[in-house]
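Heads up, the thing below is written out as structure tokens.
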Amino acid sequence: MTGQPNRQHPSTMTRREAIDCITGRLSPLYDPREARSIARLLVSERAGVPVSALLTDPGAELRIEGLEQDIERLADGVPLQYVVGAAEFYGRRFAVREGVLIPRPETEELVDRIVRSEHTAQRGSSRQAGEAPGTLRILDIGTGSGCIAASLALELPEAEVFAAEIADEALAVAEENFRRLGARVTLRRSDALQELEAQFPEPFDLIVSNPPYVPESDRAAMHPNVRDHEPGVALFVPDDDPLRFYRAIARAGRRMLRPGGRLWFEIYEQAAEAMREMLAGEGYTDTIVYKDLFDKDRITCSRRK
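The sequence shown begins at 190 in my numbering and counts up one residue at a time.
Here's what the structure looks like:
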């Protein structure tokens, strides 16, 4: 009965029937493989069983209240993460709500690069006299759901982690995630474009940011579930100044980073050369551009002189 959602209410279907029903409802929005993946994840989430159980026992009956409402939201283009209120990121579950950017796999790669770099780095070269040898001070700018800051705080427990955010909804969600995950992060309201130094007078060894970077001209080409439901202020930048956030953070970083401190960015895939030039012009050295899993330029790491 694939693609025939009205013959039987999903809450009384078997697992297989529910997945087929949801897949059919989502087929106008997604390709068949993605639609089925979303269907399995929704049923897994609401039934409280792993996806593997849906495959090994597809004939088991489902009794889930509110499943039809979930399907309707998905069919309207609402991302799955907003429907279930959570997203997986770097092995942990983060709360997300509409108004807060959904964490991406590319950002997991940014976190992983930082974690691996810090695990192998020589400690102490940029520490001021009198500090504990293992102290590492990190600032995440535009923390959103808090996924970067929380992951770094939990993966680098010796670090002192701070997070900046301006949006009310994101501040609430980030605070919730820090508390629930037990991540020791100091969260402060701050505008990435103008208030950073006043709100964060501490000297930092590492600044990281995944700021808005998609040019406004790319909006129409984005998938509707991103374009129409995720916060535009966290995604888009003007075509005439696409590096505005990077430039502002880099300039603030010249005064906020200790000598030799590192500046990490997630970047737009077509902006690598422009980023190199901007960072060099702002006085940063040793800029490295890393590719993501899709072989696209996605991450930069630079060093303050």
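Beta carbons: idealized from backbone N, C-alpha and C, even for Gly.
Asked: Just to confirm the assignment: which complete alpha helix (DSSP H) runs, minimum length 4, are found wholly within the segment 304-388?; Found: 336-344, 357-370 and 385-388
Asked: What are the boundary residues of the beta strand (DSSP E) that includes I488?; Found: D486 to R493
Asked: Taking C-alpha atoms, which residue in A264, R222, V232 and Y402 lies nearest to D430?; Found: Y402
Asked: What does the Cβ neighbour count give for I227, buried or exposed, with the cut at 16 atoms within 10 Å?; Found: buried
Asked: What are the boundary residues of the beta strand (DSSP E) that includes F393?; Found: F393 to S398
Asked: Whole angstroms are fine: how far does the CA of T203 sit from the CA of E234?; Found: 15 Å
Asked: Beta carbon of L299, beta carbon of W453: below 8 Å?; Found: yes
Asked: Pull up the distance between the alpha-carbon of G248 and that of V240, whole angstroms please.; Found: 14 Å
Asked: Answer yes or no: do G450 and L395 have a C-beta to C-beta separation smaller than 8 Å?; Found: yes
Asked: Quick one: Cα of V285 to Cα of E261, how far?; Found: 19 Å
Asked: Going by the DSSP bridge assignment, what does T203 pair with across the sheet?; Found: E250
Asked: Can you give me the C-alpha to C-alpha distance between G335 and A359, rounded to a whole angstrom?; Found: 8 Å
Asked: Looking at C-alpha atoms only, which residue of G288, P400, V304 and P420 is the closest neighbour of R408?; Found: P420
Asked: Cα separation between V273 and L231?; Found: 8 Å
Asked: Tell me where the beta strand (DSSP E) around E405 begins and ends.; Found: Taken as a continuous stretch (DSSP letters only), E405 belongs to no beta strand (DSSP E), as it is neither H nor E.
Asked: Cutting at 8 Å between CB atoms, please list the residues of its own chain near A381, excluding the five before and the five after it.; Found: I330, G331, A353, I355, S398, P400, F434, A437 and I438
Asked: For I477, list the residues DSSP reports as bridge partners.; Found: C490
Asked: Look up A276 in the DSSP assignment and give the residues it is bridged to.; Found: F283
Asked: Relative to the C-alpha of C490, which candidate in E307, R229 and Q270 has its C-alpha closest?; Found: E307
Asked: Which residue from L446, R443, D428 and L424 puts its Cα closest to that of I291?; Found: L424
Asked: If you drop the 5 nearest sequence neighbours on each side, which residues of the same chain put their C-beta closer than 6 Å to that of N414?; Found: G266 and P268
Asked: Whole-angstrom Cβ separation of I456 and R487, contact assumed at under 8 Å?; Found: 6 Å
Asked: Give a yes or no on whether the C-beta atoms belonging to L215 and A264 are separated by under 8 Å.; Found: yes
Asked: How would you label S379, buried or exposed, when you count the other beta carbons within 10 angstroms and need 16 or more for buried?; Found: buried
Asked: On the DSSP bridge assignment, give the partners of R451 in chain order.; Found: L395 and R492
Asked: Smallest Cα separation from D481: which of L251, D428, E295 and E250?; Found: E295
Asked: Where A242 and Y473 are concerned, what is the direct C-alpha to C-alpha distance, given to the nearest angstrom?; Found: 51 Å
Asked: Give the range of the alpha helix (DSSP H) segment to which I438 is assigned.; Found: R433 to M445
Asked: For K485, which of T375, A461 and R326 has the nearest alpha-carbon?; Found: A461
Asked: Among R368, T324, F393 and T476, whose alpha-carbon lies nearest the alpha-carbon of A348?; Found: T324
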